[in-house]
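Each residue of the sequence shown is one higher than the last, beginning at 3 in my numbering. All C-beta atoms in this analysis are idealised placements derived from N, C-alpha and C, irrespective of residue type, glycine included. The structure appears below as structure tokens.
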Amino acid sequence: MTDDYVIVNAKDTKELDYSEGQEELEFTYDGKAGVRMNLFNRLVFAAKYGDFRMLVSGFISNDSRLLLNRQILERVNIAAPFLHYEKDAYVVIDKDGRLKWVVDIYTTTNNYPYSQTMGGGYNYIRNPAKAVVDAYDGDVKYYITDQADPIIKAYEKAYPTLFEKTAMPDDLLSHVRYPEALFKVQANIFATYHMTNAGSFYNRSDAWKIAMEHSQGQGAQPKEMDAYYNLMKLPDVSDKEELALMLPYTLEKKENMVSWLAARSDKDHYGQLVLYKFPKGENVYGTEQIEKRIESDPEISKDMSLWRSGGSNVIPGNLLVIPVNRSILYVEPVYITATGQTSLPEIKRVIVAYGEKIIMQPTLELALKGIFGGAVPKVTDTGENLEGLISRAFNDFKSVKGSSATGDWEGFGKSLKQLEDTLNRMNEKQGVLKP
């Protein structure tokens, strides 16, 4: 467990790493991190942790090392407790193949003139630096990425050895992503300040809000959707795929979707925000409207009630909002667990909604067939048909779920992009379907 200390380089003992064929491979820690366990240090830490095995164990020698503070966020907080850190650290691979954890750093204050105060009590927030933690030996480096921030420059003068003198290496910089917490703050502010007309601003006649969702089961209160990363081509902006952080908007006093906001993460466009608005007068169902339609669908409601009466908990998964042409396709997995037992959720059904249609089926493949029609027209010019695209979409969705379950967010973004491309192809092939 990374919450606890560990002692490495035990005497005459090696770690069993994994088996390769008939051979078992062993490994010994060769990093420089940790406190050497000489006699004095063994006395000190035995008293500190109340573990006197440190004194009597024959496996501990002067070459053994005690590794402390192994949680990533705990480690950076101890190194620089005056900074604020993104809770969601992510791992990247540098040019030498080493794993590095990247933690976004924020500077905040509540003394910025004429600025609206946010829920955390601050009215200024910036992301001027990043902490990089070596996953093997715990080495921590701080890189300033925004030299224009006065607060981080003040900290740099106060602690001249804390921050690296050189810029963040390109092999790491190419992997950084736009931070979720900052994007969520910007999205909330923009929900009001996108209005440039004084009358509309005063009356809040065109105020927006971040789309809401229910993702914790029956009776749960709605909550704002979490921002999600997607590998995609941003329409009218880029002709190549890039990692974007996205959030949909609905009207403040209504539930239909009006727009979605994306933050770019690629090096040349890092931090740029792009807004896509649906044409006024065009009704695009919002997340809450879709969930209400799901709940009121007689077939879906009947199955949900049957599972609950059979002693199962029904848990809706996170609602995926996938832009498809000028509309939105929604995908929501449905999980069940046994009541009163500690069990892993089992995916039971997949719900797909597009335009006026809502379908729940055991697989995404069947749900997409229900949405786009059972009759599969042949396409002779490319050899591609609707049935093949549906099968491809099913495999793409399995990749999305697999990447999400393992925390592989880069793979999640790529799989979601593949799913989006496949759905766009399906929409093109079935031209009679209009959202």
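| query | result |
| --- | --- |
| Residue 258 versus residue 97: straight-line alpha-carbon distance, rounded | 46 angstroms |
| Assigned secondary structure, residue 293 (DSSP; H/G/I helix, E/B strand, else coil) | helix |
| Buried versus exposed, by CB contacts within 10 Å (16 or more), residue 105 | buried |
| Three CB pairs or more closer than 8 angstroms across the stretch 69-77 and the stretch 149-164 | no |
| Residue(s) in a DSSP beta bridge with residue 335 | 352 |
| From 216, 270, 125 and 55, residue whose alpha carbon lies closest to that of residue 115 | 125 |
| Residue span of the alpha helix (DSSP H) that contains residue 194, given as start and end | 182-195 |
| Where the beta strand (DSSP E) containing residue 263 begins and where it ends | 259-266 |
| Neighbourhood of residue 241 by C-beta, 7 angstroms cutoff - its chain only, sequence neighbours within 5 removed | 235 |
| Exposure label - residue 237; buried when at least 16 CB within 10 Å | exposed |
| Range covered by the alpha helix (DSSP H) that runs through residue 286 | Per DSSP, residue 286 belongs to no alpha helix (DSSP H) and is neither H nor E. |
| Host beta strand (DSSP E) of residue 325 (start-end) | 322-326 |
| Local conformation of residue 29 per DSSP, three classes | strand |
| Nearest candidate by alpha-carbon position, reference residue 335, set 322, 210 and 13 | 322 |
| Chain-order list of residues whose beta-carbon lies under 8 angstroms from that of residue 346 (same chain, five-residue window excluded) | 339 |
| Same chain, Cβ closer than 8 angstroms to residue 75, neighbours up to 5 away in sequence not counted | 87, 89, 91 and 105 |
| Identity of the residue in 214, 12 and 197 nearest residue 206 by Cα | 197 |
| Cβ-Cβ separation, residue 134 to residue 174 (assumed contact under 8 angstroms), whole Å | 6 angstroms |
| Neighbourhood of residue 224 by C-beta, 6 angstroms cutoff - its chain only, sequence neighbours within 5 removed | 214 and 216 |
| Backbone CA spacing between residue 330 and residue 285 [nearest angstrom] | 11 angstroms |
| Limits of the beta strand (DSSP E) - the one that residue 307 falls within | Not the beta strand (DSSP E): residue 307 falls in the alpha helix (DSSP H), residues 300-311. |
| Cut-off 6 angstroms between Cβ atoms - residues of its own chain near residue 40, not counting five sequence neighbours on either side | 64 |
| Residue environment, residue 391, which counts as buried when at least 16 other CB atoms sit within 10 Å | buried |
| Per DSSP, the bridge partner or partners of residue 86 | 108 |
| Residue 334 at chain B interface by Cβ criterion, 7 angstroms | Annotation note: the requested chain B is absent from the structure, which comprises a single protein chain. |
| Limits of the unbroken beta strand (DSSP E) element including residue 136 | 126-136 |
| Cut-off 6 angstroms between Cβ atoms - residues of its own chain near residue 385, not counting five sequence neighbours on either side | The pLDDT assigned to residue 385 is 41, lower than 50, so where the model puts this residue is not dependable; a value taken from the coordinates is nonetheless given after this. Correct list: empty, nothing qualifies. |
| Simplified DSSP assignment, three categories, for residue 252 | strand |
| DSSP state of residue 56 mapped onto helix, strand, coil | helix |
| Sub-7 angstroms separation of residue 16 and residue 26 beta-carbons | no |
| Span separating the alpha-carbon of residue 181 from that of residue 422 | 23 angstroms |
| First and last residue of the uninterrupted alpha helix (DSSP H) at residue 143 | That residue, residue 143, is in no alpha helix (DSSP H); its beta strand (DSSP E) goes 142-146. |
| According to DSSP, residues forming a beta bridge with residue 359 | 356 |
| Proximity of residue 251 and residue 260 at Cβ, strictly below 7 angstroms | yes |
| Exposed unless 16 or more other CB atoms sit within 10 angstroms - verdict on residue 348 | exposed |
| Rounded C-alpha distance that separates residue 62 from residue 48 | 12 angstroms |
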